[in-house]
């Protein structure tokens, strides 16, 4: 698949720099302990046979109440991928982290090649690649082992890349082969994570606003999108209505969805949560700029910029509709579309730099400013990841270490009463507590009951001889 030519040394330097930025940012998490849901998947991988595991991963609707891993999300390849990792790495988290980090590097490479295939100039492609490598909002998708479904994102971008090559291919036979490959890549991505559907609007926007803009009255211009629309419909039916748990309690298009959309829009150019008034004002102003940028691109007839901005805004819709929870970590995949949009903007602005009378060498100054900004973002990202490791995995591991030291074993028919539970373990009424304790103490499934520390004396009278009590620090 041919793209505009870039000197090999420039491409290598751009990717190597982006890799280095990512390594600086994610270094603190590469050996961090397991966290939260990790133990659910560890327990299933250890205790379920391959047959039962694959049955649960691919057909959870048969016995949804008894599903160990897939009752809430149908991501069969992600669960299978975790099980394969468990066979190699077992209880050593560093291997899981390295494979997640490798998937992030794969996404960086995919952004570079998509940018070049979209005819974004070399400076713009460099900007896009570095933005995706270092954007700090969605870092948990890389640092948290349970977010292994990020593997689907470079596959989706590779599918989009192949789709572009397919519609530009000179012969029908080559077009067919490339479309089949693109459909296969996107399907594999969807089987890793459902929000890979966000790639479809970006593909459609590029086709209609850039590639086929001059012949929109010709019905044949829309034909390349038909198989992808069919794939989207089939996936939606298989993953929701037909087979898995109903999603009516987790998806909603209401006023809260607009609030969640605004949250993600603000993450684009100001990915931080600071309370002082000046920053809040700047964050809202930058969010408003993102919302009006399609109108600016339309008015200036910058069709690629328009298509990519619309692709970014569409990519946040699946997350905005998800009403169970929201947060910056869901911004990971939308950040790829944001990066490409910013790369397209940089492509348009770069030729204007020589017209600036203030600087003797504007291009060199812009390159230096980009490098300085990248270093600053990398330092901020490293600090943010370090704090996450300290307040998440390491805090949970200290709690686990003290539990194992306090109780070397647990009776099979007893209840473990616990308090002062770390945040990620206490979420959703301690949803991951029992799987965690069951993994730590092999044998019969463990029953665990949380309580508030202030209620300790009220709990003591209910303890039976086979029950155990754990109060960290006491």
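Numbering (our numbering), first residue to last: 323 to 796.
C-beta atoms are modelled at their ideal positions from N, C-alpha and C, and glycine is treated no differently.
In this structure residue 735 is in contact with residue 788, their Cβ atoms being roughly 6 Å apart against a cut-off of 8 Å.
Segment contact: the stretch 473-480 against the stretch 352-372, fewer than three CB-CB distances shorter than 8 Å; contact not assigned. The beta strand (DSSP E) runs lying completely inside the stretch 590-665 and spanning 3 residues or more number zero.
By the criterion of at least three beta-carbon pairs nearer than 8 Å, the stretch 644-656 is in contact with the stretch 451-465. Exclusion of the five residues before and after residue 398 leaves 379, 380 and 513 as the residues of its chain whose Cβ lies within less than 6 Å of its Cβ. One Cα belongs to residue 531, the other to residue 619, and the distance between them is close to 12 Å. For residue 737, the pairing in a beta bridge is given by DSSP as 769.
Between residue 435 and the set 785, 416, 661 and 415, the nearest pair of CA atoms involves 661. In the same chain as residue 744, and ignoring 5 residues on each side of it, the C-beta atoms closer than 6 Å to its own belong to 717, 718 and 721, in chain order. By alpha-carbon distance to residue 711, the top candidate from 419, 609, 365 and 337 is 419. Here residue 346 really is in contact with residue 704; their C-beta atoms are around 6 Å apart, less than 8 Å. Judged by beta-carbon spacing, residue 561 lies within the 8 Å limit of residue 516, meaning their Cβ atoms are closer than that value.
For the stretch 396-445, the continuous alpha helix (DSSP H) assignments of 4+ residues that do not extend past its boundaries occur at 398-411 and 415-439, in sequence order. Contact annotation: the stretch 687-698 does not touch the stretch 750-762, with fewer than three C-beta pairs closer than 8 Å. Assignment of beta-bridge partners to residue 790 by DSSP yields 738. For residue 554, the closest alpha carbon among the candidates 395, 506, 673 and 584 is that of 506.
A Cβ-Cβ distance of about 20 Å is found for the pair residue 608 and residue 621, leaving them out of contact under the 8 Å criterion. Inter-segment contact for the stretch 343-357 and the stretch 728-742 is absent: fewer than three beta-carbon pairs are separated by less than 8 Å.
Residues 724 and 742 of the same chain have their beta carbon placed closer than 8 Å to that of residue 795, with the five preceding and five following residues left out of the count. One Cα belongs to residue 763, the other to residue 589, and the distance between them is close to 41 Å. Only residues of its own chain outside the window of five on either side were considered, and among them 470, 471 and 514 have a CB closer than 6 Å to the CB of residue 400, listed in chain order. For the pair residue 451 and residue 635, the CB atoms are not nearer than the 8 Å cut-off. The beta carbon of residue 332 sits closer than 7 Å to those of 444, all from its chain and outside the five residues before and after it, given in chain order.
Buried is the label assigned to residue 638, since at least 16 other Cβ atoms lie within 10 Å of its Cβ. Counted as a single uninterrupted DSSP element, the stretch harbouring residue 491 is not any alpha helix (DSSP H), since DSSP gives it neither H nor E. The beta carbons of residue 352 and residue 410 sit about 16 Å from each other, so the pair does not count as a contact at 8 Å. Inter-segment contact for the stretch 487-504 and the stretch 593-612 is absent: fewer than three beta-carbon pairs are separated by less than 8 Å.
Between residue 459 and residue 615 the beta-carbon gap is near 18 Å, outside 8 Å, which marks them as no contact.
If you check the CB distance, residue 740 and residue 670 do not come in under 8 Å.
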